[in-house]
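Peer 1: Quick one: the structure is below, questions incoming.
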Amino acid sequence: MNTHMLLTVLGLAIVAFPALLLSGFLVAFLLQTRLGERTISTLVQAAVNLSLLATLCAALTMLLQGKAQHPIELGDWVITPYYHFKVEFVLDVLSLSYVLLTLLLCAVIAGFSTRYLHRDPGYGRFFSLYSVFLLGMVTAALSDTVETLFAGWEMVGLASVLLIAFFHSRPAPPRNGLRVWVIYRSCDVALLLAAILMHEINGAGDFDHLVGELAWPNHEVIVIPEHFALLGLLFVIAAAGKSALLPFSSWLPRAMEGPTPSSAIFYGALSVHLGVFLLLRVSPVLDSSALLSGIVVALGVASALFAYLAGRVQTDIKSALAFASLTQVGLIIAEIGLGFRYLALLHLLGHACLRTLQFLRAPSLLHDHHQIENAIGTRPRAETVAWEDRLPRGMRMRLYRFALERGYLDALLEKMVARPVLGLFQTFSRWEDRWAAWLQGGPPSQPVTSNVAEPGTVGHSR
Amino acid sequence: MILPALLALPFAAALLCLVLRPVWSLRISLGGLVLFLLGAAAISLGLPQDSVDADTLFALDNLAAPMLPVFALVHLLSHLGTAKTVTSKAYCLRSLLATGFSALALTCHHDATLLALMVSTSALPLWELQERGGSARAFVLYMAVFCGLVLSAFAAGLAEQRPLGVGLLLLALMVRGGLFPAHSWLPVLFSQASYGTSLLYILPLMEILVVIRVVLTVIPGWMLDVAGVVCLVSAVYCGGLAMVQTQVSRFFAFLCLSQTSLVMYALLLHTPNGVTAALCLWMSAALALTGLAFSIRSIESRFGALSLDEYHGQYDQVPGLAALFLITGLASVGFPGTVGFVPMELLFGGSFEEGLLSSAAIAVATMLNGIALLRAYFALFTGKRPQTSIVLTTTWRERIGIVLITLAVFGGAWLTPSVVASRHTTAEQLLGTTPAH
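Chains L and E, in that order, give the protein sequences.
For the first sequence, this note's numbering assigns the number 6 to the initial residue and increments by one for each residue that follows.
For the second sequence, this note's numbering assigns the number 2 to the initial residue and increments by one for each residue that follows.
Put into C-alpha cells, the structure is as follows:
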C-alpha cells in the first residue's frame, strides 16, 4: 500500500468510526432496544480510540513522509450538469490538529462521563447526542468543501442545543436551549449564503478553489471580486454565532445548563472554537481585504474585553469559566485578524485543553475550597485587580452594572430583534384567527389571543 | 394490465369495506394499503415508459414512477398512525378513496380528467367535516373559489393554452396549495378535521403535479416571476406563523404550508436545477411531514390536543415518538444526513440564479421552520413528567410506523444520488419541450 492510499484509508477511518458509533445508536433505536451502560461505554470508547489511533497514524505518516497536505476526494456524491455535491476531506496541519484535539478531549470526556452519569436515566440519550456531536466535529474539521463543513456544523449545533436541554424536567434548560438554537439558526443563514456565494465565485464549494491548493497556512494570492467581500463578512457572522462573539455572546452562559461534561467539551473546548476553526480555514479570504481583517480584529478584541468584564462579576463557577473561555476566544480571533495563524492555532489548542480541565474540575472545586476554609479557619483572601481600584467610583459602578447585566446583550437582542419579529408574527396570527373565525361563522370580535404566544418568549410563556 | 389492477385496488378495498361488517374495515383498509404499497414499489422498480401515447389516459411515466410508492407510503403511514378508536368504517373508506384518487391523479395524462380528480378529492375532507358536525364554511368557501377558478380557466381558453386560462389555473392551484394569501383554510382544516384526512388532502401536493402536467409547459415568464415571489413570501410568512402558534395542529399546518411553498417555488424557477430540486423536495417533504404528523397524532391520541405554551414532559413516556418527531422535523427542514438535505441544497443552488435575495428568503424560511420545530419539540417532550397510572408506551402499529419512517428518512438520504439523477433526467424532459425561461 503506497502512502497516498494509506493516508486515504486512515483519513476515512477517522470519520468512519464516529459514523459507525452513530449508526449503532440508530440501529438500537430502530430495534427499540435499550443499550446498557457497559455496552454504550464500550462502543463509545472503541469508536473514539480507534478514530484517535487513525488520526495519530495519519499525522505520523505525513510527518515522516514530509507531506503537508493530503486531499481525500470521494468524488461527487450528487452530480447534475448544474449542481454537484462533492464529498472531500483534507488532512493538513489545521485539520489534523483540530481532529486530534477533538478526539483527545472526547476520549477524556467519554471516560469522565461514564462515571459522572452512572445510573442517570439520560445516560443513553447523552451518549447518543455525544455521538452526533463527535461525528459533526470530525466531519467539520476534516472538510474540504463548504457543504461537508456545513453538514458537520449543523450536527454540532443540534447536539449542543439538545445537551443544553439535557436536564429537561426543569423549565430553564429547554428554554435556554431554545435561545441558543435561535442564535445558531440565525447565524447558520450566513454560512448557507456564504456557501451559495462560493458556488457563484468558483462554481464549486471546494475550499481549495477559494484559497488555492497550497497547504495551510500558505495560500496563493487570491483576488475576490470586490462585491464578494460580502463572502468574508458572511463567514465572520457564522463564526461569531458559533463562537459566541459579540453581539451573540449572551448564549454562552445559558449553555451552562447542560451536564458538566457537555459544558466542558462544547463551550469550553470544542464547539466554541468551531467558529475560530472556520476563520482559520478561510483566513486567506480575510487577508484579501484590509477592512475585513480590521473587522475581525475589532470583533475579537471587543469580545475579549466584554467577556473579561462580565467574567469578573460572575458568581457561579461555570459562568465564570464560560466568560473566561470567551475572553481567550476573542483574543484568538484577533490573532487571526492580524494574520498570526500558527499562533492562533496554538492558542486554540492550549486553551481548549486547559479549559476542559477547569470545567471537569469545577464540580469538586467548591468542595476543596470548603476544605481549605476549614483548614485555615477563615476565608482565603479575595483576589483584587489593581487597575480597577484606580477607576473613579462612578465609572466603577457603571462598569460593574454593565458587567453584571452581561453588557445588556440579552435585553438588547430581545428588544431590538426578538420582540419586533415575534410581535409582527403574533399580530399576523391574530389577524389570521379573526379572519378564520369570520369565515367559519364565529363572532369576529371573539378574543383569539389564546392562540398566540406571549411576546419575548419565543412562544413559551412559562 | 398491472397498473389498472393496482389503481383499482384501493377502490376494491373500499367496496369491501362498504359491504362487510364494520369490524373488518380496519383490517381490509390496512391490508389494501400494504398491498398497494408493495404493488407500487414493484411496478416502479420496472422500467417506466419514456414516453406516453397522447391518447393514454392513465400511464406510469418517469414523473409518476418514483412518486407512486411515496404516495402509497404516505397513505399507509397515515393509516398506521391513526388510533384504533377513531378508525371508523367511514374513516377507512375515506383513506382508501384518497389513496385511489391520488394514484389516479398521479398517473393521469389527460388535463381535464386530472383536474376533475383533483376537484373530487375535496369531497373527502368535506365528508369528514360534515360527519364531525363542525363548521366547514372556510373550507367550502376556499374550495368553491378553487373550483370556480378551474372552471374559469377552461372558459378562458386553458385548452388552447391562452395566457388568461393558464393564469387562472395557476391562481386556482395557489388556492388549493394554500399559498399566501389564500392559505387560511388549511389551519382551519387541521383544527376541525382529523390529521389523517387533512394530511392526505394536502401532502400528495396535487397542485405540484398539475403545475408540472398542465401549466409548466405553457406558462408565460412574467407569471412565473410573480408566482415565485408569492411562494417566497408564503414560505417566510407561514414559517414565522409556525413559530408563534400555541396549538400543535396549527403549528403543523403552517409548517406544512411553508414547506410546500418552497416546493412550488423550486418548480416555478423553471430551470433544470429548480425543477430537479422541486421533484426531490416533493418526495422528501411528503415523507418527512408524514412522519412528523405520525408522531404528533400518536402523541395526541394519548394525551389529547396539546398546546405549545407549556411544557408537557412526554419524553419519558414516549421516547421513540420524541426521537421520531425530531428526526422527521429536521428532515423536513433539510438537516444534513436526512432525506431532505440534498433537495434543499439543490433548491439553494437553483435559487441563486434568481439572485441572492431569493436564496436569503429561502434561508430565512428554513431558519424560521427550524426554530418553530425545536420550540414545539421542547414544549411537547420536555418539562416535568406527568403522573399517569396507565402504560402509554408505543403500540406495535406505531413501532412499525417508526421503523418505516426512520428507514425512509435515513435510507432515502443514501439513495439520494440515484434519485437526483433520475429526477434531473425527468426535469430536463419536462423543460425540453419549452423555450428557456
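Beta carbons are placed, not taken as given, at the ideal position from N, Cα and C, and that holds for glycine.
Quickly, what does DSSP pair isoleucine 84(L) with across the bridge? List them, please.
Peer 2: On the first sequence, residue 84(L) is found 79 positions in, with the first residue counted as 1. Per DSSP, His89(L).
Peer 1: Is methionine 160(L) close to chain E, meaning its C-beta is less than 8 Å from at least one C-beta of that chain?
Peer 2: Position 155 of the first sequence, counting from 1, holds the residue named residue 160(L). Output row for methionine 160(L): interface = yes.
Peer 1: Comparing C-alpha positions only, which one of Thr47(L), His9(L), Ala24(L) and Glu159(L) sits nearest to glutamine 70(L)?
Peer 2: For the purposes of this step, residue 70(L) is taken as the residue at position 65 of the first sequence. Ranking the options by Cα distance to glutamine 70(L), first place goes to His9(L).
Peer 1: Between the C-alpha atoms of alanine 408(L) and arginine 317(L), what's the straight-line distance to the nearest angstrom?
Peer 2: One-based indexing of the first sequence puts residue 408(L) at position 403. One-based indexing of the first sequence puts residue 317(L) at position 312. For alanine 408(L) and arginine 317(L), the distance between alpha carbons rounds to 8 Å.
Peer 1: What does the alpha-carbon distance come out to for the pair serine 28(L) and valine 20(L)?
Peer 2: Locating residue 28(L) in the first sequence gives position 23, counting from the first residue. Locating residue 20(L) in the first sequence gives position 15, counting from the first residue. The alpha-carbon atoms of serine 28(L) and valine 20(L) are separated by roughly 12 Å.
Peer 1: Tell me which residues of the segment 181-198 of chain E have at least one Cβ-Cβ distance to chain L shorter than 9 Å, keeping chain order.
Peer 2: Correct list: His184, Ser185, Trp186, Pro188, Val189, Ser192 and Gln193.
Peer 1: So what does DSSP say about histidine 425(E), is it helix, strand or coil?
Peer 2: Within the second sequence, residue 425(E) is the residue found at index 424, counting from 1. Helix, per DSSP.
Peer 1: Does aspartate 213(L) come out as helix, strand or coil in the three-state DSSP assignment?
Peer 2: Taking the first residue of the first sequence as 1, we reach residue 213(L) at position 208. Residue state, collapsed to three classes: helix.
Peer 1: Output needed in chain order: residues of the segment 199-216 of chain L with a Cβ under 8 Å from some Cβ in chain E.
Peer 2: Going along the segment 199-216 of chain L in chain order, one finds Ala200, Ile201, Leu202, His204 and Glu205 with a Cβ nearer than 8 Å to chain E.
Peer 1: Tell me whether threonine 261(E) is buried or exposed, calling it buried when 16 or more other Cβ atoms sit within 10 Å of its Cβ.
Peer 2: Looking up residue 261(E) in the second sequence gives position 260. It is buried - the Cβ of threonine 261(E) has at least 16 other Cβ atoms within 10 Å.
Peer 1: DSSP puts leucine 96(L) in a beta bridge; with which residues?
Peer 2: Start at 1 with the first residue of the first sequence, and residue 96(L) comes out as number 91. DSSP output for leucine 96(L) lists His75(L) as bridge partner(s).
Peer 1: In this structure, how does DSSP classify threonine 150(L) when only helix, strand and coil are distinguished?
Peer 2: As a first step, residue 150(L) is located in the first sequence; it is residue number 145 there, counting from the start. Residue state, collapsed to three classes: strand.
Peer 1: Inspect the CB distances between the segment 273-287 of chain E and the segment 300-318 of chain E and report whether three or more fall short of 8 Å.
Peer 2: Because the criterion of three Cβ pairs below 8 Å is not met, the segment 273-287 of chain E and the segment 300-318 of chain E do not touch.
Peer 1: Hey, would you say leucine 204(E) sits closer than 8 Å to valine 75(E), going by beta carbons?
Peer 2: As a working mapping, residue 204(E) is identified with position 203 in the second sequence. As a working mapping, residue 75(E) is identified with position 74 in the second sequence. In contact: leucine 204(E) and valine 75(E) (Cβ atoms closer than 8 Å).
Peer 1: Phenylalanine 342(E) by DSSP, collapsed to three states: which one?
Peer 2: Stepping through the second sequence from its first residue, residue 342(E) is reached at position 341. DSSP places phenylalanine 342(E) in helix when its eight states are reduced to three.
Peer 1: Let me confirm a value: alanine 66(E) is counted as buried when at least 16 other C-beta atoms fall within 10 Å, else exposed. Which label applies?
Peer 2: Along the second sequence, one-based indexing puts residue 66(E) at 65. Alanine 66(E) is buried by the Cβ-count criterion.
Peer 1: Are there three or more Cβ pairs, one per stretch, closer than 8 Å when the segment 261-272 of chain L is compared with the segment 120-137 of chain L?
Peer 2: Taking 8 Å as the limit for Cβ pairs, the verdict is that the segment 120-137 of chain L does touch the segment 261-272 of chain L.
Peer 1: Around the Cβ of arginine 360(L), are there at least 16 other Cβ atoms within 10 angstroms (buried) or fewer (exposed)?
Peer 2: In the first sequence, residue 360(L) corresponds to position 355, counting from 1. Classification for arginine 360(L): buried.
Peer 1: Could you confirm whether any beta carbon from chain E is found closer than 8 Å to the beta carbon of phenylalanine 240(L)?
Peer 2: The residue labelled residue 240(L) in the question sits at position 235 within the first sequence. No, phenylalanine 240(L) lies away from the interface with chain E (no Cβ there is under 8 Å from its Cβ).
Peer 1: What are the residues in the segment 64-93 of chain L lying within 8 Å of chain E by C-beta distance?
Peer 2: Answer set for the segment 64-93 of chain L: Trp82, Val83, Ile84, Thr85, Pro86, Tyr87, Tyr88 and Phe90.
Peer 1: Going along the segment 407-438 of chain E in order, which residues come within less than 8 Å of chain L, judged by CB to CB distance?
Peer 2: Cβ contacts with chain L come from Thr407, Leu408, Phe411, Thr417, Pro418, Val421, Ala422 and His425.
Peer 1: Please determine, among Asp394(L), Val281(L), Lys323(L) and Val151(L), the residue with the shortest C-alpha to C-alpha distance to proline 337(E).
Peer 2: The residue labelled residue 337(E) in the question sits at position 336 within the second sequence. For the residues Asp394(L), Val281(L), Lys323(L) and Val151(L), the minimum Cα distance to proline 337(E) belongs to Val151(L).
Peer 1: Could you check whether the segment 100-111 of chain L touches the segment 50-70 of chain L, counting it as contact only if at least three pairs of C-beta atoms, one from each stretch, sit closer than 8 Å?
Peer 2: The segment 100-111 of chain L, when compared against the segment 50-70 of chain L, does touch it at the 8 Å Cβ threshold.
Peer 1: Which ranges would you report for the alpha helix (DSSP H) in the segment 353-440 of chain L if only whole runs of at least 4 residues count?
Peer 2: Entirely contained in the segment 353-440 of chain L, the alpha helix (DSSP H) runs reaching 4 residues are, in chain order, 391-395, 398-409 and 414-418.
Peer 1: Determine the closest residue to serine 191(L) out of Ala245(L), Phe172(L), Pro178(L) and Pro179(L), with distance taken between C-alpha atoms.
Peer 2: The residue labelled residue 191(L) in the question sits at position 186 within the first sequence. It is Ala245(L).
Peer 1: Should lysine 385(E) be flagged as near chain L, meaning a C-beta pair shorter than 8 Å?
Peer 2: For the purposes of this step, residue 385(E) is identified with residue 384 of the second sequence, where counting begins at 1. Closer than 8 Å: yes.
Peer 1: Just to confirm before moving on: does the CB-CB distance between alanine 63(L) and leucine 139(L) stay below 8 Å?
Peer 2: Counting from one through the first sequence, the residue named residue 63(L) turns up at place 58. Counting from one through the first sequence, the residue named residue 139(L) turns up at place 134. Contact flag unset, no.
Peer 1: Are the CB atoms of isoleucine 201(L) and leucine 284(L) nearer to each other than 8 Å?
Peer 2: Against the first sequence, residue 201(L) aligns to sequence position 196. Against the first sequence, residue 284(L) aligns to sequence position 279. It is not a contact, given that the beta carbons lie outside the stated cut-off.
Peer 1: Would a check of beta-carbon distances place alanine 361(E) closer than 8 Å to chain L?
Peer 2: Numbered from 1 along the second sequence, position 360 holds the residue referred to as residue 361(E). At least one chain L Cβ lies under 8 Å of alanine 361(E).
Peer 1: Shortest alpha-carbon distance to leucine 280(E) belongs to which of Leu170(E), His425(E), Thr57(E) and Phe12(E)?
Peer 2: Along the second sequence, read from residue 1 onward, the residue named residue 280(E) stands at position 279. Selected option, being the one with the closest Cα: His425(E).
Peer 1: Alpha carbon to alpha carbon, how far is proline 387(E) from leucine 357(E)?
Peer 2: Here residue 387(E) refers to the residue found at position 386 when the second sequence is read from its first residue. Here residue 357(E) refers to the residue found at position 356 when the second sequence is read from its first residue. Computed Cα separation, rounded: 47 Å.
Peer 1: Verify the CB distance criterion: does glutamate 474(L) have a CB-CB separation below 8 Å to chain E?
Peer 2: Summary: the structure shown does not reach residue 474(L), with chain L confined to residues 6 through 467, and so no result is reported for it.
Peer 1: To be precise: take each residue of the segment 427-438 of chain L, compare its Cβ to all Cβ atoms of chain E, and keep it if any distance is under 8 Å. Which residues remain?
Peer 2: Against chain E - using a Cβ distance shorter than 8 Å - the residues of the segment 427-438 of chain L are Leu427, Leu429, Phe430, Gln431, Phe433, Ser434 and Glu437.
Peer 1: When the distance is taken between beta carbons, is alanine 137(E) closer than 8 Å to leucine 125(E)?
Peer 2: Position 124 of the second sequence, counted from the first residue, corresponds to residue 125(E). Position 136 of the second sequence, counted from the first residue, corresponds to residue 137(E). Going by C-beta atoms, leucine 125(E) is not nearer than 8 Å to alanine 137(E).
Peer 1: Does DSSP classify serine 308(E) as helix, strand or coil?
Peer 2: Looking up residue 308(E) in the second sequence gives position 307. Note: serine 308(E) maps to strand in three-state DSSP.
Peer 1: Measuring alpha carbon to alpha carbon, tell me which of Leu115(E), Val151(E), Tyr143(E) and Leu27(E) ends up nearest methionine 207(E).
Peer 2: Residue mapping note: residue 207(E) aligns to position 206 of the second sequence, counting from 1. Of Leu115(E), Val151(E), Tyr143(E) and Leu27(E), the residue nearest in Cα terms is Leu115(E).
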